[in-house]
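Visitor: Chains as they are written, first to last, in this note's numbering: chain A, 739 to 1218; chain B, 414 to 513. Beta carbons are placed, not taken as given, at the ideal position from N, Cα and C, and that holds for glycine.
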Amino acid sequence: MREELTGVIPGWETVIGLEVHAELATATKLFSGAPNRFGGEPNTNVDPVSLGLPGSLPVLNEQAVELAIRVGLALNCRVQPSVFARKNYFYPDMPKDFQISQYDLPINEEGWLELPDGRRIGIERAHLEEDTGKSTHVGGGGRIHEAGYSLVDYNRAGVPLIEIVGAPDLRSPEDARAYVGELRSILVAIGASDGKMEEGSMRVDCNVSVRPIGQAEFGTRCEIKNINSLRSLGRAITYEAQRQVDLLASGEAVEQQTRHWDEDEGRTHKLRSKEEAFDYRYFPEPDLVPVDPSEEWITEIRDALPMLPRERRHRLAEVANVETASVVLTVERGMDDLAFEAIAAGGDAGRVIVHVENNLADGAGALDAESFATLVAMEVRGDLTATQAKTVLAALVAEGGDPAEVAASMGFEAMDTEELEALVERLIDEYAEDWAAFIAGDDKERKKKSGFFVGQVMKATNGQADGRIVNEIMSRLALD
Amino acid sequence: MTERITREDVAHVAELARLSLDQDELDAFTSQLADVLDHAADLDALDLDEVPPTAHPLPLRNVLRPDVVGETSDRAEVLAAAPSVEEDQFRVPPVLGEAP
């Protein structure tokens, strides 16, 4: 069960490299003025270029180039002169029987992406290409191999894509999910793509191999297609790594293949072997001239980039004095500004981060930075317990208001310390043996007994007391 | 000198291009393609280390258009040109295998 969850197979290392296709958020297609729009009536967002009609010629979309450069810069790539190429194959989703892509001279090369935990994952390239049409297989239960026929909608044909090829630097399903999550955050932050996996505007192909821990060479890899969610990505990697380890453990070899992930069955199927791999016969696209963005243009684009999630995490982590991994959700939810303001307004940084990370999953609602800071101050002073603070916070998110008034309306009055001390003394009399064990006990026993007394105090006060203060009182009384 | 193209190479390339060639055509094209490649191989005799690769014969770069929506085709007209149509989509024979 544990292996199922973590994808860790004792003695083996999984090596993963991802190819992510993201649709660029332009108004029009890569090579023509037909709209780039999701969800239209079939075959309405088409023109002669999208349909590959004879005599039509491609003209490159300036905004697609700009977005591609943004992606390159955000991924720390070298932005360079590039050339388009024809990738030749016959398939009905490409009406002109080739896809225009970039091959030996991509627009972006050699960058990196930083995972929330600080590890850097190599980016080999990020190139421009056109998307294909969408085919629906009819008959034979929707399965491709048994299809009666296919229906093709060319609305998507020609939509600009950026294909981001990552280095084989990932080692677990969690790594892969973190990488895709981070990539998505970056693409959304820079306005390059909406990053919606469920609408297919972001798609992931996954290369997986395994090797015994300590082996330097990579094992033979398989490429997995048809991964439609972050959850499928993790499942597919876990399944595929286990399949390959089972083969090797029983003395068989892993064959280099392209495999198809079946979400319902929870397994991968062989699509084609290396020998059956497509021979694309790439050659330079004669209808398009090279793209050679000027230094001025690249600088202008770089200067206009917003602060990236990585920088925002570092900035917040530094101010809050926590690890960058502790502020991932805060940045992902775009609540780092709220956190900054609450900290600036006097809120304890550690508590502010804990609340945003754990208790504000559905947004800040009516909560403003000032009352957030006030609430945290009440909590730190001991006027509210952690549980009470969480409850008040939820109310502030739902309806706003003054934290002290909200707390009072919920009956969360801070207990007077003297009152609390009297209660503790009474409990000490009542449970004299436990108290003796607390005083005489080692650390472990002390902890156990303090837990017991805090429990009794909570019971007597309906949870109104602050456990931390009870512990302080006990420590003080133990010295008397 | 480059290796000469074989009959098998030509058959393979023809297959990739979905061309059906008979035996005589295979022979003829093998010989013709070999001549073309021999001609191209003449370039190997030149020292071209200092010459940058040509990406395009025209001396143009950055031919770009603004991202502005233009005209779209009339769907009825487009579909009328297709051999088979269903649900406003192009109906095509069953496809073997998944898209590349």
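1) Work out the CA separation of Ala1063/A and Ala1198/A for me, nearest whole Å.
2) So is Pro780/A in contact with chain B if we call contact Cβ pairs under 7 Å?
3) Using DSSP bridges, identify the partner residues of Ala823/A.
4) Does DSSP put Leu743/A in a helix, in a strand, or in coil?
5) Quick one: Cα of Gly778/A to Cα of Gly871/A, how far?
6) Between Lys934/A and Pro792/A, what straight-line distance do the alpha-carbon atoms span, to the nearest angstrom?
7) Smallest Cα separation from Glu1049/A: which of Ala927/A, Gly972/A, Asp1140/A and Ala1083/A?
8) For Val423/B versus Thr443/B, is the C-beta spacing smaller than 7 Å?
9) Following a CB-centred definition, is Asp1075/A positioned closer than 6 Å to any heavy atom of the ligand NAD?
10) Which residues of chain A have a Cβ atom closer than 7 Å to the Cβ of Val464/B, listed in chain order?
11) Looking at chain B, which residues of the segment 795-813 of chain A have a Cβ within less than 7 Å of any of its Cβ atoms?
12) Kindly list, in the order they appear in chain B, the residues whose Cβ is closer than 8 Å to that of Phe836/A.
13) Please state the DSSP three-state secondary structure of Leu861/A.
14) Which of the three DSSP states is assigned to Lys1012/A in this structure?
15) In whole angstroms, give me the CA-to-CA distance for Glu725/A and Ala895/A.
16) Taking Gly849/A as part of the alpha helix (DSSP H), name the residues at either end of that continuous run.
17) Checking the sheet assignment: what are the DSSP bridge partners for Tyr887/A?
18) From Ala812/A to Asp457/B, what distance separates their C-alpha atoms?
19) Taking Cβ-Cβ distances shorter than 8 Å, what residues in chain A pair up with Thr485/B?
20) In terms of residue numbering, what span does the alpha helix (DSSP H) encompassing Gln953/A cover?
21) Taking 6 Å as the limit between beta carbons, can you name the residues of its chain near Ala1055/A, skipping five residues before and five after?
22) Tell me whether Gly904/A sits in a helix, a strand or coil according to DSSP, three-state version.
23) If I'm right that Tyr887/A touches Pro506/B with Cβ under 8 Å, what's the distance once you round it to whole angstroms?
Guide: Let me lay it out:
1) Residue numbering aside, residue 1198/A sits at position 460 when the first sequence is read from its first letter. Residue numbering aside, residue 1063/A sits at position 325 when the first sequence is read from its first letter. Roughly 39 Å between the two C-alpha positions.
2) Locating residue 780/A in the first sequence gives position 42, where the first residue counts as 1. Chain B contact via Cβ: present.
3) Position 85 of the first sequence holds residue 823/A. Bridge partners of Ala823/A: Ser839/A and Pro1022/A.
4) Numbered from its first residue, the first sequence carries residue 743/A at position 5. In this predicted model, Leu743/A has a pLDDT of only 45, less than 50, meaning its place in the structure is not dependable enough to derive any value.
5) Position 40 of the first sequence, counted from the start, is the residue given in the question as residue 778/A. Position 133 of the first sequence, counted from the start, is the residue given in the question as residue 871/A. Spanning the two alpha carbons is a distance of roughly 13 Å.
6) On the first sequence, residue 934/A is found 196 positions in, with the first residue counted as 1. On the first sequence, residue 792/A is found 54 positions in, with the first residue counted as 1. Going by the C-alpha atoms only, they are around 34 Å apart.
7) Mapped onto the first sequence, residue 1049/A falls at position 311. For the residues Ala927/A, Gly972/A, Asp1140/A and Ala1083/A, the minimum Cα distance to Glu1049/A belongs to Ala927/A.
8) Translated into positions along the second sequence, residue 423/B becomes position 10. Translated into positions along the second sequence, residue 443/B becomes position 30. In this structure, Thr443/B lies closer than 7 Å to Val423/B by Cβ.
9) Questions concerning the ligand NAD fall outside what the structure shown contains, since it holds no ligand whatsoever.
10) Residue mapping note: residue 464/B aligns to position 51 of the second sequence, counting from 1. Near Val464/B there are no residues of chain A at all, since even the closest Cβ is about 16 Å away, more than 7 Å.
11) Val797, Leu798, Asn799, Glu800, Gln801 and Val803
12) As a first step, residue 836/A must be located in the first sequence, where it is residue number 98. None at all; the shortest Cβ gap to chain B is about 11 Å.
13) Within the first sequence, numbered from 1, the residue matching residue 861/A stands at position 123. Before going further, note that residue 861/A is Ile rather than Leu in the sequence given. Ile861/A falls in the strand class under three-state DSSP.
14) Indexing the first sequence from 1 puts residue 1012/A at position 274. Lys1012/A: coil per DSSP, three-state reduction.
15) Only positions 739 to 1218 of chain A appear in this structure, which leaves residue 725/A out of reach.
16) Locating residue 849/A in the first sequence gives position 111, counting from the first residue. First-last for Gly849/A: Asn846 to Glu852, but that is the beta strand (DSSP E), not the alpha helix (DSSP H).
17) Looking up residue 887/A in the first sequence gives position 149. Paired residue(s): Val876/A.
18) Indexing the first sequence from 1 puts residue 812/A at position 74. Indexing the second sequence from 1 puts residue 457/B at position 44. Their Cα atoms are separated by approximately 41 Å.
19) In the second sequence, the residue the question calls residue 485/B occupies position 72. What Thr485/B touches in chain A: Ala772, Pro773, Thr782, Asn783, Val784 and Asp785.
20) Here residue 953/A refers to the residue found at position 215 of the first sequence. Careful: Gln953/A lies outside any alpha helix (DSSP H) and carries neither H nor E.
21) Stepping through the first sequence from its first residue, residue 1055/A is reached at position 317. Around Ala1055/A: Thr1062 and Val1065.
22) Stepping through the first sequence from its first residue, residue 904/A is reached at position 166. In the structure shown, Gly904/A sits in a strand (DSSP, three-state: E or B).
23) Taking the first sequence and counting its residues from 1, one reaches residue 887/A at position 149. Taking the second sequence and counting its residues from 1, one reaches residue 506/B at position 93. The pair is a contact, with the Cβ atoms about 6 Å apart (cut-off 8 Å).
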